[in-house]
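S.K.:
Numbering (this note's numbering), first residue to last: 506 to 657.
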């Protein structure tokens, strides 16, 4: 519903090897709000995000009421892979091999997304040749593909 929070965590905890990594987090994220999760290294920020995404087991309740986009800290890939930014994003957008071609609508959408994050000039660049900051922009643009209401 329109008044429901985008995300609700109710007493969420994550443990591994007998150690609490996240302890009893309760919060609600309202629509239209910008929230930052901050803390020192090892505080459990990434673990909490992984719990929200369903990537780790957790106790408590997590309710997501909107499409979610995710920008990982790092992208694990072979830097020698001969793929451009356009091909990488087209692959994830059209969900089929780019060897079959990239339709015009996909190219337009990819360029629009890259432009949104100030990275349109990178479309023809090799994915493996990007700097860390450039790659973050590309991953951010990729996370926006499905027009998420919640971006992690």
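All C-beta atoms, glycine included, are put in the ideal place defined by N, C-alpha and C.
Leaving aside the five residues before and after residue 526 along the sequence, list all residues of the same chain whose C-beta is less than 8 Å from its C-beta, in chain order.
M.R.: Indexing the chain shown from 1 puts residue 526 at position 21. 519, 520, 549 and 552, listed in sequence order.
S.K.: Ordered along the chain, which non-local residues of its own chain (more than five positions away) have a Cβ less than 8 Å from that of residue 618?
M.R.: Indexing the chain shown from 1 puts residue 618 at position 113. Cβ within range, chain order: 594, 646, 647, 649 and 650.
S.K.: Whole-angstrom Cβ separation of residue 596 and residue 603, contact assumed at under 8 Å?
M.R.: By one-based count along the chain shown, residue 596 stands at place 91. By one-based count along the chain shown, residue 603 stands at place 98. Their Cβ separation, rounded to whole angstroms, is 5 Å, which keeps residue 596 and residue 603 in contact under 8 Å.
S.K.: Nearest to residue 508 by CA position, among 514, 537 and 573, is which residue?
M.R.: Translated into the one-based positions of the chain shown, residue 508 becomes position 3. The shortest C-alpha separation from residue 508 is found at 537.
S.K.: Let me know the secondary structure DSSP gives residue 551 once reduced to three states.
M.R.: Reading the chain shown from its first residue, position 46 is the one you call residue 551. Note: residue 551 maps to helix in three-state DSSP.
S.K.: Classify residue 655 as helix, strand or coil using the three-state DSSP reduction.
M.R.: The count along the chain shown starts at 1 and reaches residue 655 at position 150. It is a strand residue.
S.K.: Looking at C-alpha atoms only, which residue of 515, 576, 642 and 605 is the closest neighbour of residue 653?
M.R.: Looking up residue 653 in the chain shown gives position 148. The shortest C-alpha separation from residue 653 is found at 576.
S.K.: Tell me which residues share the same chain as residue 655 and place their Cβ nearer than 8 Å to its Cβ, disregarding the 5 neighbours each side in the sequence.
M.R.: Along the chain shown, read from residue 1 onward, the residue named residue 655 stands at position 150. If we look at residue 655 and ignore the five residues flanking it on each side, its Cβ neighbours are 511, 512, 534, 569, 571, 572, 573 and 574.
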